[in-house]
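Residue numbering for the sequence shown follows this note's numbering, starting at 2 and increasing by one per position. Beta carbons: idealized from backbone N, C-alpha and C, even for Gly. The structure under discussion appears below in the form of structure tokens.
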Amino acid sequence: MHDELSVLRESYGHKTLKSFMLATELFEFNEEETAKGGLRVVYKLSQATKINHAQKAELE
């Protein structure tokens, strides 16, 4: 995992995977409260990305 994070840092200027994912705008992020009062970050593929991917698959 260390090598992959090094590539993100060197190639794209992002120190974390979350930072990279936010920059791509391919994902939607939400925070949920856990039972112990903490926060959990939940992400999913954005709706626009799903549509674009589906359209591309239909063309092939």
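Cβ shell of K45 (< 7 Å), same chain only, five flanking positions each side left out: Closer than 7 Å at Cβ, skipping near neighbours: F28 and E29.
Beta strand (DSSP E) segments (min. 3 residues) lying fully within the stretch 26 to 50: Correct list: 28 to 34 and 40 to 46.
DSSP-derived helix/strand/coil call for H3: Looking at H3 - three-state DSSP - the assignment turns out to be helix.
Collapsed DSSP secondary structure at K19 in the structure displayed: Residue state for K19 is assigned as helix, using DSSP reduced to three classes.
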